[in-house]
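I have placed the structure first, in the form of structure tokens, so that the comments after it can refer back to it.
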Amino acid sequence: MQTTPTESKSATPSTSRKLPPMLPGGLPLLGHAVELRRRPVELFQRGRDRFGDMFSLKLPGTPQAVMMSGPKAHQRFFRLSDDDVSMREVYKLMTPIFGKGIAYDAEPEIMREQLAFFHDALREARLRTYAAGFVEEAEDYFGKWGDEGVVDLYKVGNELTIYTSSRSLLGPSFRKNLSDEFAKLYYDMEAGLNLLAFFAPQLPIPAFRKRDKSRARLGELVSAIVRERRTKGASEEDFLQTLMDATYKDGRILSDDEMTGLLLAIMFAGHHTSGVTFAWTGILLNQNPQWLAKLRAEQDTILGDRDDLTLEDLRAMSGLENAVKETLRLYPPIIMMMRKVMKGFEHGGYWVPEESMIMTSPAMAHRIPEVFRDPNRFDPDRFGPERDEDKKNPMGWISFGGGRHRCMGIVFAQLQLRAIWSHLLRNFDFELLEPMYEPDYDRLLVGPRMPCRARYRRRKRRAVVPVA
Ligand code: HEM
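Here the sequence shown stands for residues 2 to 469, numbered as in the working numbering.
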């Protein structure tokens, strides 16, 4: 017997359970895939407007794709265990880059151990070292700008965060000597991330060959640093050192290949996400100049005439923190998260069967007016103590995901963005040059569409009166 679009025969054949309602529309065979690629947020919004927290989409390759939105549905999504839902299927295009048996390709128990190594790399003492690195890199990068010029904010964000990332991952001397080669290898690996990589990651096409060659070369570079540090007995304050010092529960140390793969996992998780957030922050602040003024006043209060930023200074910048958070609400770089369902479950009166793909979308859910007042407005004060819109709706704000797989780099990312924008607020004025800045859904990590230009002018610093 055939099942109707809203009914399914579950694992228990005698009970028929209600599936989340199917959004009408879509094409034969491709279903909603074309719309998902071109106008994902509109598509999700249409579904939510019509059906609320849970609805289904037709997508190729999965018997059932279910969108879950709103704080309650997010809580359910993020609290499902790794045995109930799998990330492996979703991230399998990353396997040729991270490596076999590394990160999402590992068994859940091993993946948990591997991800836990990063906790140590992100502990307090290390954050101090990274923060000093962010400040130095920002001073160095923007120090090379003239008094006035035109830049592309998207490019600036991605370039600068390559430097901050390579330094935090592999240390300042690698950053100084090899970051250009590193950037090239990384971009070649990234170019191998396309739809084909989901389905046939080993096809002998030039993009995949380049990806594999670059991965192998990066492996050599990492092995060379590991060898050198071990020979000299040297120890550094970076992610690689943490991995070199780490052991699995059974006492085994990590192979060079595992270290390379895990460093790449961090790089892919943290680089573009931070780069595009940098660009959106610049756009939104300059579209809302009252906020520029407020944040400059905050810089004055915290720093006065000082330029020597500390971790404590960065932590004290609560206005800037809220502005970045609000930027991430309006333009989250990860617009959609997915899991494959390994064990069917029930939510909100609907049954989500095994083999379904479940999805959630910060980009759509962050504009739910019952959660965020006047949601299309840039209003960092919504995160201030008087309104606390995020805390009042747990898991309503999900730019960094939630639950057991919540982003591990939240503090790192926030400190980095604050260090960079603190420098720019104090030293430059910007003028936006594009008639419109819109999200570019052609990219996996969604930033503003290029060109994304702005004119900068160096600000006159307060004159220092020489002591007679
Ligand atoms: C603005 C910047 C960033 C954003 C918006 C962001 C967002 C996210 C999101 C949404 C997830 C969850 C993915 C899912 O559930 O499928 C995630 C996971 C993760 N992020 Fe970030 N991230 C950022 C920066 C970083 C940085 C800088 C690092 C490292 C230093 C990092 C490391 C990680 C790791 C390791 C995970 C996997 C956690 C797990 O699976 O248990 N992220 N990130």
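Backbone N, C-alpha and C fix where the C-beta goes; we use that ideal spot for every residue, glycine too.
Proximity test, residue i beta-carbon vs the ligand HEM heavy atom, cut-off 7 Å
i	result
Thr278	yes
Met409	yes
Pro334	yes
Thr261	no
Phe373	no
Met338	yes
His406	yes
Ala270	yes
Ile267	yes
Gly172	no
Ser362	no
Met88	yes
Ser400	yes
Phe119	yes
Gly275	Note that residue 275 is Ser in the sequence shown here, rather than Gly. Flag set: Cβ of Ser275 near the ligand HEM.
Phe379	no
Ala126	no
Ala414	yes
Leu154	no
Leu58	no
Leu329	yes
Leu116	yes
Sheet register partners of residue i (DSSP bridge)
i	result
Ile359	Val67 and Arg340
Val151	Arg456
Tyr351	His348
Asp430	Arg458
Val86	Val342
Ser400	Answer by DSSP bridge pairing: none, since Ser400 is not bridged.
Ile254	Thr248
Gly32	Leu28
Phe56	Met68
Pro440	Pro449
Cβ-based neighbour list, residue i, same chain, cut-off 7 Å, excluding 5 preceding and 5 following
i	result
Gly402	Phe79, Met338 and Cys408
Ile303	Asp314, Ala317 and Met318
Ala469	Confidence at Ala469 is low in this model, with a pLDDT of 41, below 50, so the placement of that residue should be treated as unreliable; the coordinate-derived value is given next. Here the set comprises nothing.
Asp54	Met69, Ser70, Gly71, Lys73, Ala74 and Gly349
Pro14	Residue placement at Pro14 is flagged as unreliable, the pLDDT there being 39, under the threshold of 50; the coordinate-derived value follows with that caveat. So no residue of the chain qualifies.
Leu418	Ser275, Thr278, Phe279, Thr282 and Val325
Own chain partners of residue i with C-beta closer than 6 Å, once the 5 adjacent residues on each side are dropped
i	result
Lys109	Looking at the sequence provided, one finds Pro at residue 109 rather than Lys. Only Asp83 meet the Cβ criterion.
Ala208	Ala192 and Gly193
Ser485	Given that the chain is displayed from residue 2 to residue 469, the structure contains no residue 485 and the question cannot be resolved.
Asp121	Thr243
Ala414	Ser275
Gly100	Asp258 and Gly262
Leu286	Trp292 and Leu293
Same chain only: Cβ atoms within 8 Å of residue i, ignoring 5 sequence neighbours per side
i	result
Asp441	Val447, Gly448, Pro449, Arg450 and Met451
Glu355	Ala12, Val342, Met343, Lys344 and Gly345
Arg460	Arg427, Asn428, Phe429 and Asp430
Phe107	The question names Phe, but residue 107 is Ala in the sequence shown. The answer, listed in chain order, is Gln115.
Gln203	Pro97 and Phe209
Ala104	Tyr92, Met95, Met112, Gln115, Leu116, Gly262, Leu263 and Ala266
Leu128	Leu312, Val412, Phe413 and Leu416
For residue j and residue i, believed in contact at Cβ under 8 Å, the rounded distance
i	j	result
Glu439	Arg454	No, Glu439 and Arg454 are not in contact; Cβ-Cβ is about 14 Å, not under 8 Å.
Thr162	Gly276	5 Å
Gly158	Ala266	That belief does not hold up - the Cβ atoms of Gly158 and Ala266 are roughly 21 Å apart, past 8 Å.
Leu329	Ser400	4 Å
Val372	Glu390	7 Å
Leu186	Leu219	5 Å
Ile254	Leu241	Actually they are not in contact, since the Cβ atoms of Ile254 and Leu241 sit about 13 Å apart, beyond 8 Å.
Leu244	Leu263	6 Å
Val353	Val67	5 Å
Leu60	Leu24	Not quite, the Cβ-Cβ distance comes to about 11 Å (not below 8 Å), so this is no contact.
Leu433	Ile284	7 Å
Leu20	Gln76	Going by Cβ atoms, the distance from Leu20 to Gln76 rounds to 21 Å, so no, they are not a contact pair.
Arg340	Met88	6 Å
Handout entry: the segment 41-56 touching the segment 363-371, judged by at least three CB pairs closer than 8 Å
Key = Contact between the segment 41-56 and the segment 363-371 is present: 3 or more CB-CB pairs across the two stretches fall below 8 Å.
Exercise for the section: Determine, using beta-carbon pairs with one atom in the segment 131-147 and one in the segment 216-232, whether at least three such pairs fall under 8 Å. Expected result: With a cut-off of 8 Å on Cβ pairs, the segment 131-147 is not in contact with the segment 216-232, counting fewer than three such pairs.
Exercise for the section: Mind the definition here: the segment 374-382 touches the segment 321-331 only if three or more C-beta pairs lie below 8 Å; say whether that holds. Expected result: Yes, since at least three Cβ pairs between the segment 374-382 and the segment 321-331 fall closer than 8 Å, the two stretches touch.
Practice task
May I ask you to verify whether the segment 209-221 touches the segment 289-299, counting CB pairs closer than 8 Å and requiring at least 3?
Solution key: With a cut-off of 8 Å, the segment 289-299 and the segment 209-221 do not count as touching, because too few Cβ pairs lie within range.
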